[in-house]
Each structure stands twice: as C-alpha cells, then as structure tokens.
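Q: FYI, the numbering for the sequence shown is 0 to 343, going by numbering that gives the first Met the number 0. Backbone N, C-alpha and C fix where the C-beta goes; we use that ideal spot for every residue, glycine too. Let me give you the structure first, and then I'll get to my questions.
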Amino acid sequence: MTVTTAATPEAWADDAFGLLAEAYAAGARVTRPVVGGVPTRLLEVGDPARPTVVFLHGTGGHLEAFAHVLAPFARWFHCVAYDLPGHGWSGPPAVTDGGYEVPAYTDHLDAVLDHLRVAPGGGGAALVGVSLGGWVAAHHAATRPGRVDALVLVAPGGVRADPAVMGALRSLSSAAVEAPGEAAVRTRLEWLVADPSTVTAALVATRLRLYQQPGAAERMAGLLCLQEPDVRRRNMISAAAAESIRAATLVLWGTKDPTGPAEAGADFARRVPGARFEALPELGHWPQFEDPAGFTALGTTFLRTAFERTAFERTAFEPPAVRSADAPADQPAHPAGPRNLKGV
C-alpha cells in the first residue's frame with residue numbers, strides 16, 4: 000500500500016479511504032475552525048437542536064476512531080468528533096509549555112464547547128472519551144462541574160501507570176510514525192483490539208496518511224510525554240478528582256484491553272459518585288470500533304436516560320406544539336408535553 004499526503008488544504012475533509020462514509024451519508028460536515036488558538040478538524044452530524052455529544056479519541060489517534068458510531072448516535076444527539084491538538088489534521092497545541100498535558104487538552108475542550116455554544120453551567124452536553132479522551136473528559140468534569148451532564152469513559156487513561164504499557168505505547172507509536180509504513184501502522188492499531196480482523200484496510204490507510212504528514216514524528220514525540228513516568232504522575236486522576244465528578248458517568252472497559260484489567264475501570268468507577276461500570280467481554284481498548292452496535296446500544300441508552308434527568312431535556316426533547324383537529328384556526332397551539340425518550 001502506498002499512501003501519500005495530499006497537497007491541498009482540503010485533505011482534512013476528503014475522506015480519501017471512505018472510513019467516514021456512514022457519517023457523511025447521515026449528513027456529516029467537516030470543518031477546520033481555529034478553536035482556542037488551534038486549527039481544529041471537527042466533524043458534526045445530527046440535529047443541532049438535540050443535546051450535544053462530543054467524542055474524544057486517544058493518544059496518536061484521530062476522529063475516525065468513532066467512524067462507525069457517529070451516524071447511529073446522531074439518531075438521538077448532535078454529535079461532534081474532533082482531532083485533539085497535535086493529532087490528526089488539527090494543528091499543534093497553542094501553548095508550548097505543557098501543551099500535550101491533560102490541563103491543556105482540557106482547556107482546548109472547553110474552547111470547543113464554547114465554539115459549539117454549549118453554555119457554561121447550562122447543561123445539554125455529554126462527553127464520550129476513549130483512553131486519553133476519557134482522561135481529558137474526566138479531568139474536564141472534575142475541574143468544570145456542571146458544564147456537561149454526562150460522561151461515557153472508555154478505558155480512561157490516568158487511572159493507572161503501568162511502565163510496561165507505557166513503554167509499549169511509546170515504542171509502537173514511535174515506530175509507526177518515524178518510518179511510516181503499512182506494517183508498522185497496522186501493528187500499532189492491532190495492539191488496540193482483541194480481534195485483529197477489525198483493523199480494516201481503510202483504517203490503516205487513513206492513519207498511515209496522517210502519520211506521513213510533515214512534522215508528524217515531532218508531534219508524536221511531544222504527545223507521548225504522558226507515557227513518561229514523571230509527567231504521567233502529575234496528570235493522574237486523583238481519588239479526590241474522581242470523587243468530585245458530578246456528571247452521570249458510565250465507565251466501560253474491555254476484558255481483553257491491553258492497557259490493563261477491567262478491574263482498573265471498576266475501581267475508578269467506584270470512586271465516582273453514582274457511576275456505573277460495564278466490563279465488555281472479549282473486547283479490547285477500542286470497543287467503539289470492535290463492536291459498534293453494542294457500543295451504540297450501551298452509550299445511547301445511558302445518555303438518553305442521563306439527559307432525561309436534566310432540566311435541559313424538558314426543552315430540547317419537547318416535541319412541536321400540536322393543534323386540536325377541531326380548534327379554530329386562530330387558536331394558539333398547545334405544547335404536547337415532555338416526551339419520554341424510552342418510548343421513541
């Protein structure tokens with residue numbers, strides 16, 4: 000397989016290998032606004048009048064990590080996935096000191112929410128984060144209480160520090176980007192999943208193209224800082240931080256996740272008030288890609304219930320006003336009342 004980086008500035012939107020076909024078929028649009036000082040590739044799909052669900056990928060990744068769940072989630076929500084700073088087709092962090100540490104990612108996430116007009120303290124939003132994305136989502140919820148209503152955290156980083164896992168992530172990621180080729184990229188991706196057959200040619204080609212961008216190796220060296228013991232230690236999710244999370248929280252962890260045992264996720268969930276934990280049998284670190292149907296069922300059911308419990312649900316999910324069949328034409332329509340999403 001030979002993949003080259005397109006020379007046009009629209010390369011970030013062309014979906015050259017069709018990985019986002021489902022999302023585009025559902026009406027997705029991809030833009031690259033400057034958000035928080037960072038040119039940020041951002042995909043939106045679904046009705047903007049619905050609650051917003053923001054998807055955050057993992058270390059060295061890109062928004063295509065959610066390629067197979069965005070359209071199904073968009074049946075219920077306004078879905079947004081974006082490339083983190085220094086990842087995918089987004090630009091480098093806006094700050095040079097600590098730009099690849101969790102507080103900086105969290106500040107950028109806050110800017111993304113501002114860009115999406117999610118009002119501080121206004122609710123009506125949720126975060127779905129995998130690995131590093133879950134780490135950032137948890138940190139955001141702990142440091143900005145009330146900004147989002149719910150979290151779905153998939154094998155979140157920052158809950159453990161295993162030198163062997165950190166070393167594997169450093170070596171596999173570095174090999175894939177320093178001399179990018181199909182074999183090295185495939186090896187990096189297959190490390191994430193329980194069944195290597197779920198790593199498709201389109202996924203490999205998409206990531207290889209990204210890793211062939213000028214400066215990709217330098218960016219990877221920067222973003223791997225969280226796999227260094229001292230840096231990781233100061234970014235870990237403390238027990239106090241976990242206990243401060245007030246958003247409804249679902250923690251998911253595959254039983255074949257290479258980053259650690261499912262019990263690590265269960266331990267973390269026990270610290271978050273009211274959190275629910277689900278171990279995912281026979282799945283690895285990427286359940287949203289390995290089993291998109293199962294992931295969608297779990298995630299959408301949890302989030303719909305979480306949004307029902309907020310004041311936001313009473314307006315965002317309220318159906319259009321209705322008029323009695325025999326009412327005079329000039330009689331005001333009356334609201335149909337709140338809709339129970341479980342019956343939709």
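Return the chain-ordered ranges of every alpha helix (DSSP H) run that is complete within the segment 197-246 and spans a minimum of 4 residues.
A: 200-210, 215-222, 228-234, 238-243, all fully within the segment 197-246.
Q: Classify HIS61 as helix, strand or coil using the three-state DSSP reduction.
A: It is coil, neither helix nor strand.
Q: Under the three-state reduction of DSSP, which class applies to ASP14: helix, strand or coil?
A: In the structure shown, ASP14 sits in coil (DSSP, three-state: anything other than H, G, I, E or B).
Q: So what does DSSP say about PRO327, is it helix, strand or coil?
A: No answer about PRO327 holds up, because its pLDDT of 43 lies below 50 and its placement is not dependable.
Q: Counting pairs of beta carbons, one from the segment 78-85 and one from the segment 147-165, are three or more of them closer than 8 Å?
A: Segments in contact, no.
Q: Return the residue from the list GLY59, HIS77, LEU55, ASP14 that minimises the CA-CA distance to VAL44.
A: When each option's Cα is compared against that of VAL44, the closest is HIS77.
Q: Under 6 Å Cβ to Cβ from LEU171, same chain only, skipping five residues before and after it: list those, please.
A: Result list for LEU171: ARG187, TRP190, in chain order.
Q: With a Cβ-Cβ cutoff of 9 Å, do VAL101 and ASN234 count as a contact?
A: The answer is yes: Cβ separation under 9 Å.
Q: By Cβ distance below 8 Å, which residues in the same chain neighbour ALA20 in space, the five residues on each side in sequence not counted?
A: Excluding residues within five positions, the ones whose Cβ falls inside 8 Å are ASP14.
Q: Output needed for PRO155: all residues of its chain with C-beta closer than 6 Å, excluding positions within five of it in sequence on either side, in chain order.
A: Excluding sequence neighbours, PRO155 sits near GLY133, TRP134, ALA137.
Q: Alpha carbon to alpha carbon, how far is VAL277 from ILE244?
A: Checking the displayed sequence, the identity of residue 277 turns out to be Glu instead of Val. Roughly 18 Å between the two C-alpha positions.
Q: At what residues does the alpha helix (DSSP H) containing ALA149 begin and finish?
A: Counting along the chain, ALA149 falls outside any alpha helix (DSSP H), though it belongs to the beta strand (DSSP E) covering 149-153.
Q: Terminal residues of the continuous alpha helix (DSSP H) containing PHE76?
A: Element bounds for PHE76: n/a, residue is neither H nor E.
Q: Out of SER237, LEU279, ALA239, which has the shortest C-alpha to C-alpha gap to THR254?
A: Of the listed residues, the one whose Cα sits closest to THR254 is LEU279.
Q: Would you kindly report the start and end of the unbroken alpha helix (DSSP H) that includes VAL176?
A: Looking at the DSSP string, the run of the alpha helix (DSSP H) that includes VAL176 is 162-177.
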